[in-house]
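Chemist: Quick one: this structure, given as structure tokens, is what I'll be asking you about.
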Amino acid sequence: MIGELVAGRECGSCNVCCVHLTIDDPELQKPQGYRCRNANPDHSCAIYERRPKTCKDFYCGWRTLKWVRQPLRPDVSDVLVRLQFEKPQGEPPPQLGVVFTLLTARALKADGLAETVAAAVAANVPVYLHVPGPPGYTASQARINDVLQHAVLTRDKAGVLDVLRRARIVAQGGKRTPIVLKNMSATDQA
Ligand code: SF4
Ligand code: SF4
189 MIGELVAGRE CGSCNVCCVH LTIDDPELQK PQGYRCRNAN PDHSCAIYER RPKTCKDFYC
249 GWRTLKWVRQ PLRPDVSDVL VRLQFEKPQG EPPPQLGVVF TLLTARALKA DGLAETVAAA
309 VAANVPVYLH VPGPPGYTAS QARINDVLQH AVLTRDKAGV LDVLRRARIV AQGGKRTPIV
369 LKNMSATDQA
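Letter 100 of the sequence shown, counting from 1, is numbered 288 in our numbering, and no numbers are missing.
Here you go:
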């Protein structure tokens, strides 16, 4: 399900990944929810040519998966789709999972959200709902394939969105703890 970058899709003025991801690279550390110190006001990267490997290697699901619907550009939709590779019990190859981060309540109204989630569930891809905590805190994440099965099988778009809405409410009540960055020294954190 992964190929090259999807033709015709560019990051443009989006910099959701520079704000909403935790980066724990030897060259750059920041917890989710905080804008990277290298992000310019126009959302470009001040160190683009020498940005850390973590940044060079990252593209979100909107850039890499054709079946992620066009309107789900992260800065427009408040939905950040990410790939997650899982090692099933036993032998590889690793299995692709897809994480849907709903950045705000507005994400539930994004065009194409229900259809994209349903496509992943119908294809038996592990699907996770990810709800961030406050800046600097951990998120809640849960696999939602099972609870979505009925709505997907019956092509019930409203049902898919209702499951997502309820799962988001449950996730918001989850336990949050401050994010600990491995690459940040005790001195840096003081
Ligand atoms: S979240 Fe996706 S579209 Fe937005 S800047 Fe990052 S890779 Fe580009
Ligand atoms: S270094 Fe550049 S690409 Fe990486 S998070 Fe910061 S602004 Fe974004």
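Cβ atoms here follow ideal geometry from the backbone N, Cα and C, with glycine treated the same way.
(1) Between the beta-carbon of L193 and the beta-carbon of T252, is there less than 9 Å?
(2) Give me the pocket residues for ligand 2, defined as CB within less than 5 Å of any heavy atom, sorted by chain position.
(3) Just list the alpha helix (DSSP H) runs in the region 215 to 285, keeping only unbroken ones of 4 residues or longer that don't cross its boundaries, in chain order.
(4) Work out the CA separation of N203 and E215 for me, nearest whole Å.
(5) Can you find a heavy atom of ligand 4 that lies under 8 Å from the Cβ of R364?
(6) When you measure from the CB of D263 to every non-hydrogen atom of ligand 1, does any distance come out below 8 Å?
(7) With a threshold of 16 other CB atoms inside 10 Å of the CB of G321, please say whether the residue is buried or exposed.
(8) Can you tell which of G347, L349 and R270 has the C-alpha that lies nearest to the C-alpha of T210?
(9) Using alpha carbons as the reference points, say which of R257, Y316, V351 and H231 lies closest to A339.
(10) For T292, does the count of other Cβ atoms within 10 angstroms reach 16, so buried, or fall short, so exposed?
(11) Short of 6 Å in beta carbon distance, which residues of its chain neighbour A374, apart from the five on each side in sequence? Order them along the chain.
(12) Give the DSSP-derived three-state secondary structure of A293 in the structure shown.
(13) Would a C-beta distance cut-off of 9 Å place V315 and A308 closer than the cut-off?
(14) Alpha carbon to alpha carbon, how far is A378 from M372?
(15) Going by other Cβ atoms of all chains shown within 10 Å of its Cβ, with 16 needed for buried, is L301 buried or exposed?
(16) Determine the contact status of G221 and V207, defining contact as a CB-CB distance below 9 Å.
(17) Mapping the DSSP letters down to three states, classify A353 as helix, strand or coil.
(18) Could you tell me the alpha carbon to alpha carbon distance between P262 and K254, rounded to whole angstroms?
(19) In three-state terms, what does DSSP make of D344?
Modeler: In terms of the structure at hand:
(1) For L193 and T252, yes; Cβs fall inside 9 Å.
(2) The answer, residue by residue, is C206, C224, N226, A227, C233, R239 and C243.
(3) Within the region 215 to 285, the complete alpha helix (DSSP H) runs of at least 4 residues fall at 241 to 245, 249 to 252 and 262 to 265.
(4) Spanning the two alpha carbons is a distance of roughly 19 Å.
(5) Among the ligands modelled here, namely ligand 1 and ligand 2, ligand 4 does not occur.
(6) Yes.
(7) By the 10 Å Cβ count, G321 comes out buried.
(8) Taking only the C-alpha atoms, the option nearest T210 is R270.
(9) If we check each option's Cα against that of A339, V351 comes out closest.
(10) Taking a 10 Å sphere around the C-beta of T292, we find fewer than 16 other C-beta atoms and assign the residue as exposed.
(11) Summary for A374: the model assigns pLDDT 45, below 50, so the residue's position carries little reliability; its value from the coordinates is reported in the next sentence. Cβ within range, chain order: n/a, list empty.
(12) Note: A293 maps to helix in three-state DSSP.
(13) Cβ distance < 9 Å, so V315 and A308 count as in contact.
(14) With a pLDDT of 39 at A378, under the threshold of 50, the predicted position of this residue should be treated as unreliable, though the coordinate-derived value follows. Those two C-alpha atoms are separated by around 10 Å.
(15) Buried is the call here.
(16) Their beta carbons are under 9 Å apart, which means G221 touches V207 by this criterion.
(17) Note that residue 353 is Arg in the sequence shown, not Ala. R353 carries a helical assignment under DSSP once its states are collapsed to helix, strand and coil.
(18) Cα to Cα, the separation comes out at about 15 Å.
(19) The three-state secondary structure of D344, taken from DSSP, is coil.
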